[in-house]
Amino acid sequence: MKKVFLSMLTLATLTITSCTSNDVATETDPNVVSLDPTNFKGTLEAGKEATLDASKVYYLTGAFIVKSGAKLTIPAGTVIKATENTDSTVRYIAVSQGGQIFINGTATNPVVMTSAKATPSKSDWGGLVICGKAPINTSATAGGTASAEVSDLTYGGSDTADNSGVIRYLRIEYTGYAYTSTKEFNGLSLFGVGSGTTLEYVHANHNGDDGIEFFGGTVNGKYLVSTDSDDDSIDFADGWAGTGEFWYIKNTAKAGIEGSNNGTNGYATPMTNATLKNISIVKGTLANSEDAIYLKEGAGKWTASNVYIDGAFTKGLKIKSDDAAANENITNGNIKFNPIQFANTATGFLPSEYTGTNTTYLTVGTNTGAGAGAAAPSWTTGWTAGL
Amino acid sequence: MKLKLFILTLFISTLAFSQTKGTISGVLTDKDSNNETLPFANVLLKGTQINGITDIDGKYSLSAPAGSYVIQYSFIGYESVEIPVTVIDSETVTLSKALGAAGYKLSDVVITTHVNKQKETALLLEQKKAVEIKQSIGAQELSRKGVSDVATAVTKTSGITKQEGTGNIFVRGLGDRYNSTTMNGLPLPSDDPSKKNIKLGIFNTDIVESIGIDKTYNFRNFGDFGGANIDIVSKTHTGSEMLEIGFELGMNTLANSQKDFRLQDGPSKTGFSNTSYPKNPFSSYNFDTNWNTAAATPINTSIFIRGGSEFNVGENGKLGFFGTASFDNEYNYTTGVSNGSIGLNGIPRRNLNFESFSYNTNTTVMGNVNYKINTNNSIKFNSLFVNTSSQDHQEFEGIIDSFDIASDGGGYIRRSNLDQTTVFINQLLGNHSLNERTNFNWGVSFNSLKNSIPDRMQNTLIPQNEQSDPDVKQVSDNNDSENHRFYQNLKDNQLAANLALDYKFNKEDEDYRGKFTLGYSGYTKKVGFQARQFNFDINNAVAQPVVDKNNIDGYFNQTNFSNNLFSIKTFNGGLAPQTYDGDQNIQAAFVGVEYKFTPKLTVVFGTRGEYIIQNIDWFTNISKGTNKFDKFEFLPSTSIKYELNEDQNLKFAASKSYTLPQFKERAPFQFEDVTEVIIGNPKLYSSTNYNADVKWEYFPKSSEIISLTAFGKLIQNPINEITITSATNDISYVNSGDKAVVLGAEFEIRKNIFEKDTENKESLSTGFNASYMYNNQDFNGQKVENETDLTVFFSKTEGKLTGASDLLLNADLSYFKEFSQDKNVLATITYGYFSDRIYALGTSGRGDLIDKANGSLDFILKSKLTKNIGLGLSVKNILDPTIERIQDNQNVLVKSYKNGINFKVAATYTF
């Protein structure tokens, strides 16, 4: 029985191997493939591994997809530049469920994903999409799945400890490509990514949509920077259950942090459960930004501490009065901001839109936020840009 | 001269051999054809064996022993008239009569020359004689009921409804994908990239002789069938010369009450527009049509001319010509509520009031040549050109997204759209009696269709600062496509051929008991689609000015473009369109046998083998690829007819057929609708359909029918369009469950309440049909997950079919009074009703979207003032009910509006 299974597996691998079109096998190990820096696109099939060469600039000329069972390693200092879309194929990098990416940047030598345009601008290219097997709350059944941005990418499941690899010291810029009426890429999209994944030191800069967005999942995000976003800076939704520590957010067109539970059903489970520590949200110079934090669509559970809000926002916490689920979450003690500081506010500033009976969910204090209040914290030195 | 001699001879022989007899003679004429003489009609003295047939000039003569009789005149497709007559010895009584529609004695039909299929009675007779279960609606009935297009026409028959807004036809609860449309038996192209069938509304009833509705499958039809095949039989001309012109003037109460009726700038009022995107759309602002609207006067008009003539060619040949040309336009206005994205808490995220202005045109030109070479051979050429345009300008105001855009109100969306379809249909058809036993008929067609959406415009404005004044607006910068222009082209060319050979066998007395049929159908089509969208990306790094919603041109212009307030982009970064090209090739052969086992029992059994190839290549900004699909289907079908007695039939039909996924449903091609993205599913496969019908028909009189049908359908692996579970609420297509079941009954009655057969006729007749259905399908999310890469969060494990109303009713009442030969009046009221039906299936715990039950009442008055002049008046949608769509479970209003009442006066002149 075991032999039959093994031979089937071999056969399957062979079949898959023969289907691989864009990777070129080296003579030594047929499973290790090298990728063409001048035409970086295609798929890395199951069982295959590839490591980029940090001495070269990789020109992303289409979608690059790491399939289930494949591993892509990007060493420190590697630069990936998305070329201008002149051939109608959107540039983005995606990791499928079961695939892994290892972005091994360092504090002095980060991995950079950016636009190849001479004068780059927001929305030049897609972004980085990672799909995992951790729970989401939009599926029909507990542990069920859904389809991500590109419909052949599935995400969600019941593996809370799922491991999509390591993302450390990554700067991702000029993302947010709008490719349909309803879809824009985020800088970094985390779809049902599990807690086995390491997510640290990521800077999303100049984002046409959100900087970083969590769609369910259980991954923790530490040392995240999101600046200059046309939408929200950091967004979590659909039952994200994780800890966010040391987030530095500046220049946002919509909300600094937008956190929701479920757009259709504010009470959907597993409910979003966010632990947020050491957060700075700085309004900056973008027009229209009104709210520092938006507790949206049922909001879920929030335990936030050491939050520092800076600038002329209209509201500190936005919460719609007709969003019964979100208001109940505050009233029932599921949402706490202890302590939060509102610095440099304008006249007419409203700290919170909540008008219910809970009077202790929010305590105002003096905070350092991500480390230095409105100023860029020291941990951003060396690998971020433009702070 | 010859005839005079003939009559003289007859007269003499009467004198010579029937000294004790008298004679009745006269001329029969056709009341409906300018009193042309009526040849080959039957004349009978009731209760005797004395009968005769009118000659070529409509003359007849009977001799009978002196006494009192009732003389009966009859002819197929015409009323049968009975008049008391007294025959006196050696005398000739002259009795002439004009026969009209609606009445004949079926048992008297001896010969038929030309069956006028426009007439209700003729179609009823055809229905009675057919072995198959058939239903038809003819030009006469359409005219009586004031029906002007084919879509509305089919809804007058039992079990068929039209979806509000989309115009989609549902037959017994089965929508577009289950139906097929043909003209004279040959397939028609589709005008919508997401639909299988052409919108039936584009066909004007001027071109229609009759519409046949086959709700059971027979082997002559293409096997991609589940609900009905709708066959439009185009009008032809026989008989003497005819020329008619007409003019109509109308208005809609709501449209007319609008002082500021506004439409998109650019499209021509003629319905023929040719707008294209600018040459250099990115470098500067080069759009030459305005965003601002243009004013219009909402008066509806219609004009037509039609004529025909027939010539004798040689000894037996006849050449008939028919032509019709018309132009119609129509303005409508609706206003109401449009809500959407209603979550489980029952709060609509989108909460808008809307105004919609629309303008539609239809230009139809049809010509045909009907060449009857001799009694055994005929050829018909038919050419139809239709151009339809449908313009609408909509303005929405309120909350665009309660969690996001204009969340406290003051949001403004305007959308202007022109959808133009041009279809050109050319058909050549032939029928040949090769000998007494063998008949051969054939048809070929070449059709081309172009659909375009040139220059769709959309703008979204939001309050500059919601908290202060929602009326101070600026352009929305949430998503690039909120302000856009869109250009789409679809081409569909197709070639089709039908060949069928019938061979009769087993002659008994004068009739053959059996008929063997062998045939071929082929159908190949090529579809090409291109779309480009230019998005106006708002620069939110600079302060945006206040924009007046009535002067969008004041913002989107070269100055503001130069000042970098916005830039112009496409989804893919360049001018290349997103495209798909598809071809479909179906080759089919069929064989069938019809056999009359006893004089009462006839059975038809046939099978069809069909080979289908579907290919699609697509190219979008997110993917490109090819999807190929081929399949062989073997499709048996049977029909049984048992004649209970002379007036009653019992019929049975059963079949297996299939439902193919449409081209783009299988391609992972992102199709951009205005507010949603629809993506194909390469793992979609065809459904298998089983159908059985039993029908009892009773024809009490030639113009009357009572029928009762019971039917059952089983659809395995039905396909549904549904919102898949995704980060962005995309819509796709899945085989959503194991089966769908439909069980139903249809009842139809047409009855004359009274009928006065005096010199000037007077009658009151009524028609009523009803259908009641049980329908159910299961939804299986696990099945979808196992079979595809998609997941669906069905709100229910089972439910009704989209578009299926449990109860459908149609009723009409017609009063006809004749004042003199050329002076009459016909008044009809019709009523139609459907019970609640699903518009879209619910997902993620949201209820289904349901169109609420509705009834509509129309009044139509037609009068012939003189031999030449006719007048008409129609009042449609008299009750003007509020059209409502709700979301079930949460029980929240999604859409609500009224359509207004339509008034129309018409004048015709017949030369």
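As they're listed, the protein sequences go chains A and B.
Straight run, no breaks: the first sequence in the numbering used here ends on number 387.
Straight run, no breaks: the second sequence in the numbering used here ends on number 1298.
For every residue, glycine included, the Cβ atom is placed at its ideal position computed from N, Cα and C.
Inset, instruction - Could you run through the segment 120-138 of chain A and flag, in chain order, every residue whose CB is less than 7 Å away from some CB of chain B? - result: Thr138
Legend entry - Any alpha helix (DSSP H) of 4 or more consecutive residues that is wholly inside the segment 1049-1124 of chain B: 1050-1053
Legend entry - Test item: CB-CB of Asp422(A) and Ile335(A) under 8 Å: Look at the range of chain A in this structure, 1 to 387, and you will see that residue 422(A) is not part of it.
Legend entry - Own chain, CB closer than 7 Å to Lys117(A), minus 5 neighbours either side, in chain order: Glu84, Asp124
Legend entry - 9 Å Cβ cut-off: residues of chain A touching Pro1176(B): Inspection of the sequence shows that residue 1176(B) is occupied by Asp rather than by Pro. Going along chain A in sequence order, the residues near Asp1176(B) (Cβ under 9 Å) are Ser147, Ser151, Asp152, Leu153, Thr154.
Legend entry - DSSP three-state assignment for Val1279(B), whether helix, strand or coil: strand
Inset, instruction - Would you mind telling me which residues of chain A sit closer than 7 Å to Gln781(B), beta carbon to beta carbon, in chain order? - result: Ordered by position in chain A, no residue passes the 7 Å Cβ test against Gln781(B), which lies about 16 Å from the chain.
Inset, instruction - Identify every residue that forms a DSSP beta bridge with Glu1330(B). - result: As shown, chain B starts at 388 and ends at 1298. That puts residue 1330(B) outside it, with no answer to give.
Inset, instruction - Using a threshold of 8 Å, state whether the C-beta atoms of Leu482(B) and Val468(B) are closer than that. - result: no
Inset, instruction - Could you tell me whether the Cβ of Ala489(B) comes closer than 8 Å to any Cβ of chain A? - result: Model confidence at Ala489(B) stands at a pLDDT of 47, short of 50, so the residue's coordinates are unreliable; what they give is reported in the following sentence. Chain A, which has no Cβ nearer than 8 Å to the Cβ of Ala489(B), makes this no.
Inset, instruction - Could you tell me the boundaries of the beta strand (DSSP E) in which Val541(B) lies? - result: Note, Val541(B): premise wrong, no beta strand (DSSP E); alpha helix (DSSP H) at 537-542.
Legend entry - For Ala54(A), the nearest candidate out of Pro37(A), Thr43(A), Gly47(A) (CA to CA): Pro37(A)
Inset, instruction - Within its chain, find whatever has a CB closer than 6 Å to the CB of Ser789(B); leave out the 5 residues flanking it on each side and keep chain order. - result: Arg736
Inset, instruction - Starting from Gly1168(B), trace the alpha helix (DSSP H) both ways and give me its first and last residue. - result: 1168-1174
Inset, instruction - Just the chain B side, please: which residues come within less than 9 Å of Val95(A) by C-beta, in chain order? - result: What Val95(A) touches in chain B: nothing, since even the nearest Cβ is about 15 Å away.
Legend entry - DSSP-derived helix/strand/coil call for Ile1009(B): coil
Inset, instruction - With a 10 Å radius around its C-beta and 16 neighbouring C-beta atoms as the bar for buried, classify Thr435(B) as buried or exposed. - result: exposed
Inset, instruction - Please name the residue, chosen from His819(B), Ala1079(B), Gln514(B), that lies closest to Val1128(B) on a Cα-to-Cα basis. - result: Ala1079(B)
Inset, instruction - Give the straight-line distance between the Cα atoms of Lys506(B) and Arg531(B), rounded to the nearest whole angstrom. - result: 11 Å
Inset, instruction - For the segment 227-244 of chain A, enumerate the residues whose C-beta is nearer than 7 Å to any C-beta of chain B, in chain order. - result: Asp230
Inset, instruction - Rank Lys296(A), His206(A), Ala312(A), Gly333(A) by C-alpha distance to the C-alpha of Ala385(A) and give the top, closest one. - result: His206(A)
Legend entry - As assigned by DSSP and simplified to three states, the class of Phe659(B): coil
Legend entry - Under the three-state DSSP convention, the category Asp442(B) falls into: coil
Inset, instruction - Closer than 9 Å by beta-carbon distance: list the chain B residues that pair up with Gly322(A), in chain order. - result: The displayed chain sequence assigns Asp, not Gly, to residue 322(A). Under the 9 Å cutoff, chain B gives Asn732, Ile734, Ser789.
Legend entry - Chain-ordered chain B contacts of Thr108(A) [CB-CB under 8 Å]: In chain order: nothing, as chain B lies at least about 31 Å away.
Inset, instruction - Taking Gly192(A) as the reference, give the member of Thr138(A), Ile319(A), Ser305(A) with the closest Cα. - result: Thr138(A)
Legend entry - Below-8 Å beta-carbon distance, Ala140(A) vs any chain B residue: yes
Legend entry - 7 Å Cβ cut-off: residues of chain A touching Gln1164(B): Ordered by position in chain A, no residue passes the 7 Å Cβ test against Gln1164(B), which lies about 17 Å from the chain.
Inset, instruction - Starting from Pro510(B), trace the alpha helix (DSSP H) both ways and give me its first and last residue. - result: The question names Pro, yet the displayed sequence has Leu at residue 510(B). Run containing Leu510(B): 507-516, per the alpha helix (DSSP H) assignment.
Legend entry - Continuous alpha helix (DSSP H) stretch holding Ala325(A): start and end: 324-331
Inset, instruction - Look at the Cβ atom of Gly445(B), then the Cβ atom of Val414(B), and state whether they are nearer than 8 Å. - result: yes
Inset, instruction - Leaving out five residues on either side along the sequence, give the residues of the same chain with a beta carbon under 7 Å from the beta carbon of Ala146(A). - result: Ile136, Thr138, Ser139, Tyr155, Gly156
Legend entry - Simplified DSSP assignment, three categories, for Tyr491(B): Model confidence at Tyr491(B) stands at a pLDDT of 37, short of 50, so the residue's coordinates are unreliable and nothing is read from them.
Legend entry - 8 Å Cβ cutoff, Ser21(A) in contact with chain B: Low confidence applies here, because Ser21(A) scores a pLDDT of 41, under 50, leaving its location unreliable and the question unanswered by this model.
Legend entry - Proximity below 8 Å, CB of Tyr456(B) to CB of Lys433(B): yes
Legend entry - Nearest-angstrom Cα separation, counted from Phe992(B) out to Asn893(B): 17 Å
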